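*Asks:* Chains as they are written, first to last, in our numbering: chain Y, 5 to 140; chain D, 416 to 814. Each residue gets a CB set at the ideal place from its N, CA and C atoms; glycine is no exception. From a predicted model like this one, the values you see are computed outputs, not experimental measurements. To start, I am sharing the structure in question, which I have written as structure tokens.
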Amino acid sequence: MADATIEKPLPEPDEASQPFWDGAARGELMLMKCAECGAFRLPSRQHCDRCLSDQYAWEQASGRGTVRTFGVMHQRYHPGFADEIPYNVTIVELDEGPRLPTNLVGVSNADIRVGMPVTVEWERHSDVSLPKFRPA
Amino acid sequence: MGHRLRGAAAITGLGMTPMGRIYGKSATELAADAVRVAIADAGLKKSDIDGLLINPGITGMTGGGIGLNLQNYLGMDEMRLLNHMNAAGSTAAQMIQYATMAIDAGMATHVVCVFADNPLKEGGSAGAAYGGAARNPSRPKGMAGLTPAAGYFGANTPYALAARRHMALYGTTQDQLGTIAVGQRQWAAMNPLAQMREPITLEDYHASRWIIEPLHLLDCCLVSNGAVAVVVSPADQAASMAQPAVYIHGMGQGHPGDHNAAGSDWETETGGRLAAKTAFGMAGIGPEDIDVCELYDCYTYTVLVTLEDYGFCKKGEGGPFVEDGKLGPGGSLPTNTGGGELSGYYMWGMTPISEAIIQTRGQAGERQVPKHDLVLTTGNGGSLSYHAALVLSPHPGRS
Numbered sequence: 005m006a007d008a009t010i011e012k013p014l015p016e017p018d019e020a021s022q023p024f025w026d027g028a029a030r031g032e033l034m035l036m037k038c039a040e041c042g043a044f045r046l047p048s049r050q051h052c053d054r055c056l057s058d059q060y061a062w063e064q065a066s067g068r069g070t071v072r073t074f075g076v077m078h079q080r081y082h083p084g085f086a087d088e089i090p091y092n093v094t095i096v097e098l099d100e101g102p103r104l105p106t107n108l109v110g111v112s113n114a115d116i117r118v119g120m121p122v123t124v125e126w127e128r129h130s131d132v133s134l135p136k137f138r139p140a
Numbered sequence: 416m417g418h419r420l421r422g423a424a425a426i427t428g429l430g431m432t433p434m435g436r437i438y439g440k441s442a443t444e445l446a447a448d449a450v451r452v453a454i455a456d457a458g459l460k461k462s463d464i465d466g467l468l469i470n471p472g473i474t475g476m477t478g479g480g481i482g483l484n485l486q487n488y489l490g491m492d493e494m495r496l497l498n499h500m501n502a503a504g505s506t507a508a509q510m511i512q513y514a515t516m517a518i519d520a521g522m523a524t525h526v527v528c529v530f531a532d533n534p535l536k537e538g539g540s541a542g543a544a545y546g547g548a549a550r551n552p553s554r555p556k557g558m559a560g561l562t563p564a565a566g567y568f569g570a571n572t573p574y575a576l577a578a579r580r581h582m583a584l585y586g587t588t589q590d591q592l593g594t595i596a597v598g599q600r601q602w603a604a605m606n607p608l609a610q611m612r613e614p615i616t617l618e619d620y621h622a623s624r625w626i627i628e629p630l631h632l633l634d635c636c637l638v639s640n641g642a643v644a645v646v647v648s649p650a651d652q653a654a655s656m657a658q659p660a661v662y663i664h665g666m667g668q669g670h671p672g673d674h675n676a677a678g679s680d681w682e683t684e685t686g687g688r689l690a691a692k693t694a695f696g697m698a699g700i701g702p703e704d705i706d707v708c709e710l711y712d713c714y715t716y717t718v719l720v721t722l723e724d725y726g727f728c729k730k731g732e733g734g735p736f737v738e739d740g741k742l743g744p745g746g747s748l749p750t751n752t753g754g755g756e757l758s759g760y761y762m763w764g765m766t767p768i769s770e771a772i773i774q775t776r777g778q779a780g781e782r783q784v785p786k787h788d789l790v791l792t793t794g795n796g797g798s799l800s801y802h803a804a805l806v807l808s809p810h811p812g813r814s
């Protein structure tokens, strides 16, 4: 039972991703967008993977997307998740195009479907908020 | 006039250590055992070898894996070709490709390609070596940290995600994946080198525990300690060497790129499609000409999607294609005839290559496929990220 108190691995904001976490704290899903070709960069990074430009701006995304695919995890990899097994691991394809690894909330694992429309909601932790998704 | 590399080189030596829960030797020592056997198998002396290509397994990342200094441990002086390579499970086939090109270019004559790994610790679990970020005690940086924060760990997760999408798009069933596992176990029962030789049924498959749905334990490969080495030689010497020559008729690679990028269909269309085009093109053949398949099978699903990408059936029809058991013993497309990585042994890309060599030579004993004129072997690595293929034949590719 001692394991149950071990925290999940929370991300630590770095310089490149700080605007994402600032947006998350406000409840806004922020994406890095190439200033030259308009492609989104996810995760955030210096260079655009389409045109290699190093110019960018941050833009608020709609927070809407669909379930691209998902799995239901039974294996205990990290003690921080021990109490949640089996839990879903879901890839949400944002309406803007990029894909985000996340978890669905507000739906049982048995009811998750590929293609299901979802919207973002934020799970607040001490110094970061995590994007989770709920059926729309 | 065929492609200039078709039949330019041949695999002339194969060396395999015992594989599985083999303890007491370092990866370097295992590699040396396999290299010694491979050189002797080819009927060569160590001094005949002038090229060495080295591929560590997971211990290349977690520590203790074989490195460039294997050259010194083996006492291989005056190498004309040397490298330490890593494109995950596609590396083994790639090493043989680069060896072939170097031999054709006159940069080397007899090249040893070696894989070794020993992630299993006595008393430790098979999964412990492949936990990925779960083992990292520090906080993951930036947006990349969203992955472990979602409980997305290890190699099992992306393959489950890929299989799920295939099932959703095409109606692929759990039974169809299970049929692959059952068939490969039937092959393994005839392979003295295989780790798992007890027969299994579809019921056993369904009863095996979930790892991450839709993958059961019996959808997932083994983890093994051991080493495999091969010798690649010029085709014109191979015919008179100690073993039946295994000529390399075709070679190809395909690496699809970032999974999270908009537009990627990495889950259901792998690098195999691109590799097939190059490899079959070089060999001057199509999938209908292949007698035996030795396909990288880190998961049952990898086999299914690879068959589609090589054109053995149409995209999305892999499930119905495999469900009649045609991949198993007595089937119309013998596949992973040593049990593969699911039931045989997990030497990354060397698992399918080693069995392909044995079958092409005609040395597979009771599991030998009678017609083995053209044998396809594929390697896959990362999360369906890296792919390489060889087409092998007992017949010279050059006239």
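#1: Helix or strand or just coil, what does DSSP make of His581 (chain D)?
#2: In the region 46-96 of chain Y, which residue ranges form an unbroken beta strand (DSSP E) of at least 3 residues, counting only runs that do not cross its ends?
#3: What residues from the region 737-767 of chain D come within 9 Å of chain Y, judged by C-beta to C-beta, listed N to C?
#4: Anything in the region 66-85 of chain Y with a Cβ closer than 8 Å to a Cβ of chain D? List those residues in chain order, please.
#5: For Gly560 (chain D), collect the residues of the same chain with a Cβ closer than 6 Å to its Cβ; drop the 5 residues on either side in sequence, then sort them by chain order.
#6: Contact defined as beta carbons within less than 8 Å: I believe Met516 (chain D) pairs with Leu496 (chain D). What is the distance between those atoms, to the nearest angstrom?
#7: Of all the CB atoms in chain D, is at least one closer than 8 Å to the CB of Phe137 (chain Y)?
#8: Distance cutoff 8 Å, beta carbons only. Does Gly101 (chain Y) sit that close to anything in chain D?
#9: What residue range is occupied by the uninterrupted alpha helix (DSSP H) comprising His787 (chain D)?
#10: In angstroms with no decimal places, state the Cα-to-Cα distance between Leu35 (chain Y) and Asp704 (chain D).
#11: Starting from Ile95 (chain Y), find everything on chain D with Cβ-Cβ shorter than 7 Å and list it in chain order.
#12: Given Arg776 (chain D), which residues of its chain have a CB within under 8 Å of its CB, disregarding the five upstream and five downstream residues?
#13: Based on the DSSP secondary-structure assignment, which residues constitute the bridge partners of Ala654 (chain D)?
#14: Does the distance from the CB of Pro121 (chain Y) to the CB of Thr70 (chain Y) come in under 8 Å?
#15: From Thr792 (chain D) to Asp673 (chain D), what does the alpha carbon distance come to, in whole angstroms?
#16: Whole angstroms are fine: how far does the CA of Arg68 (chain Y) sit from the CA of Asn107 (chain Y)?
#17: Can you say whether Arg419 (chain D) is buried or exposed, counting buried as having 16 or more other CB atoms within 10 angstroms of its CB?
#18: Let me see if you follow: with CB-CB separation under 8 Å, is Tyr818 (chain D) close to chain Y or not?
#19: Please classify His621 (chain D) as buried or exposed, where buried requires at least 16 neighbouring CB atoms within 10 angstroms.
#20: Quick one, which residues of the region 18-31 of chain Y are near chain D if we go by CB-CB under 8 Å, in chain order?
#21: Taking the Cβ atom as the reference point for each residue, do Glu756 (chain D) and Leu633 (chain D) lie within a distance shorter than 8 Å?
#22: Can you list, in chain order, the stretches of the beta strand (DSSP E) that have 3 or more residues and sit fully within the region 455-515 of chain D?
#23: Just checking, does the region 553-568 of chain D make contact with the region 489-504 of chain D on the three C-beta pairs under 8 Å criterion?
#24: So, are the CB atoms of Ile464 (chain D) and Ile772 (chain D) less than 8 Å apart?
#25: Whose C-alpha, out of D:Ser441, D:Pro573, D:Gly480, is nearest the C-alpha of Ser798 (chain D)?
#26: Which residues in the same chain as Gly701 (chain D) place their Cβ atom closer than 8 Å to its Cβ, once the five residues preceding and following it in sequence are excluded?
#27: Please decide whether Pro555 (chain D) counts as near chain Y, where near means a Cβ-Cβ distance under 8 Å.
#28: Closer than 8 Å, Cβ to Cβ, to anything on chain D: give me those residues from the region 114-140 of chain Y, in chain order.
#29: Beta-carbon within less than 7 Å of Asn606 (chain D)'s beta-carbon, same chain only, minus the 5 sequence neighbours each way: which residues are those?
#30: Identify whether Arg600 (chain D) lies in helix, strand or coil by the three-state DSSP scheme.
#31: Counting only beta-carbon separations shorter than 8 Å, does Ser48 (chain Y) have a partner in chain D?
#32: If Thr683 (chain D) sits next to Leu584 (chain D), beta carbons under 8 Å apart, how far is it from one beta carbon to the other, in whole angstroms?
#33: So, is the C-beta of Trp681 (chain D) closer than 8 Å to a C-beta in chain Y?
#34: In the DSSP assignment, what are the bridge partners of Val643 (chain D)?
*Replies:* Quick look at the numbers:
#1: Numbered from its first residue, the second sequence carries residue 581 (chain D) at position 166. Note: His581 (chain D) maps to helix in three-state DSSP.
#2: 60-64, 68-77
#3: none
#4: Arg72, Thr73, Phe74, Gly75, Val76, Met77, His78, Gln79, Tyr81, His82, Phe85
#5: As a first step, residue 560 (chain D) must be located in the second sequence, where it is residue number 145. Excluding positions up to five away in sequence, the list is empty.
#6: On the second sequence, residue 516 (chain D) is found 101 positions in, with the first residue counted as 1. On the second sequence, residue 496 (chain D) is found 81 positions in, with the first residue counted as 1. At roughly 10 Å, the Cβ-Cβ gap does not stay under 8 Å, so Met516 (chain D) and Leu496 (chain D) are not in contact.
#7: Against the first sequence, residue 137 (chain Y) aligns to sequence position 133. No, no contact with chain D.
#8: Within the first sequence, the letter at position 97 stands for residue 101 (chain Y). So yes, Gly101 (chain Y) belongs to the interface.
#9: As a working mapping, residue 787 (chain D) is identified with position 372 in the second sequence. From DSSP, His787 (chain D) is part of no alpha helix (DSSP H); its letter is neither H nor E.
#10: Here residue 35 (chain Y) corresponds to residue number 31 of the first sequence, with the count starting at 1. Here residue 704 (chain D) corresponds to residue number 289 of the second sequence, with the count starting at 1. For Leu35 (chain Y) and Asp704 (chain D), the distance between alpha carbons rounds to 49 Å.
#11: Start at 1 with the first residue of the first sequence, and residue 95 (chain Y) comes out as number 91. Going along chain D in sequence order, the residues near Ile95 (chain Y) (Cβ under 7 Å) are Leu576.
#12: Looking up residue 776 (chain D) in the second sequence gives position 361. Cβ neighbours of Arg776 (chain D) beyond the five flanking positions: Gln658, Pro659, Val661, Pro809.
#13: Here residue 654 (chain D) refers to the residue found at position 239 of the second sequence. Per DSSP, none; premise fails for Ala654 (chain D).
#14: Looking up residue 121 (chain Y) in the first sequence gives position 117. Looking up residue 70 (chain Y) in the first sequence gives position 66. Cβ atoms of Pro121 (chain Y) and Thr70 (chain Y): closer than 8 Å.
#15: As a working mapping, residue 792 (chain D) is identified with position 377 in the second sequence. As a working mapping, residue 673 (chain D) is identified with position 258 in the second sequence. Rounded to the nearest angstrom, the two C-alpha atoms are 25 Å apart.
#16: In the first sequence, the residue the question calls residue 107 (chain Y) occupies position 103. In the first sequence, the residue the question calls residue 68 (chain Y) occupies position 64. Approximately 14 Å between the Cα atoms of the pair.
#17: As a working note, residue 419 (chain D) is residue 4 in the second sequence. The residue in question, Arg419 (chain D), is exposed, as its Cβ has fewer than 16 Cβ neighbours within 10 Å.
#18: Here chain D comprises residues numbered 416 to 814, so residue 818 (chain D) is not present and cannot be evaluated.
#19: Counting from one through the second sequence, the residue named residue 621 (chain D) turns up at place 206. His621 (chain D) should be labelled exposed.
#20: Asp18, Ala20, Ser21, Phe24
#21: Sequence index remark: in the second sequence, residue 756 (chain D) carries index 341 (1-based). Sequence index remark: in the second sequence, residue 633 (chain D) carries index 218 (1-based). No, Cβ-Cβ distance for Glu756 (chain D) and Leu633 (chain D) is not below 8 Å.
#22: 466-471, 496-499
#23: no
#24: Translated into the one-based positions of the second sequence, residue 464 (chain D) becomes position 49. Translated into the one-based positions of the second sequence, residue 772 (chain D) becomes position 357. No, the Cβ-Cβ distance between Ile464 (chain D) and Ile772 (chain D) is not below 8 Å.
#25: Translated into the one-based positions of the second sequence, residue 798 (chain D) becomes position 383. The shortest Cα separation from Ser798 (chain D) among D:Ser441, D:Pro573, D:Gly480 belongs to D:Pro573.
#26: Counting from one through the second sequence, the residue named residue 701 (chain D) turns up at place 286. So the qualifying residues of the chain are Phe695, Gly726.
#27: What you label residue 555 (chain D) is simply residue 140 of the second sequence in a count that begins at 1. Judged by the 8 Å Cβ criterion, Pro555 (chain D) is in contact with chain Y.
#28: Arg117, Val118, Gly119, Leu134, Pro135
#29: Within the second sequence, numbered from 1, the residue matching residue 606 (chain D) stands at position 191. The answer, listed in chain order, is Gly753, Gly754, Gly759, Arg782.
#30: Translated into the one-based positions of the second sequence, residue 600 (chain D) becomes position 185. Helix.
#31: Taking the first sequence and counting its residues from 1, the one referred to as residue 48 (chain Y) is at position 44. Judged by the 8 Å Cβ criterion, Ser48 (chain Y) is in contact with chain D.
#32: Within the second sequence, numbered from 1, the residue matching residue 683 (chain D) stands at position 268. Within the second sequence, numbered from 1, the residue matching residue 584 (chain D) stands at position 169. Contact flag correct, Cβ pair sits at about 6 Å.
#33: Position 266 of the second sequence, counted from the first residue, corresponds to residue 681 (chain D). Chain Y, which has no Cβ nearer than 8 Å to the Cβ of Trp681 (chain D), makes this no.
#34: Along the second sequence, read from residue 1 onward, the residue named residue 643 (chain D) stands at position 228. For Val643 (chain D), which the question treats as bridged, DSSP gives the partners D:Met431, D:Phe530.
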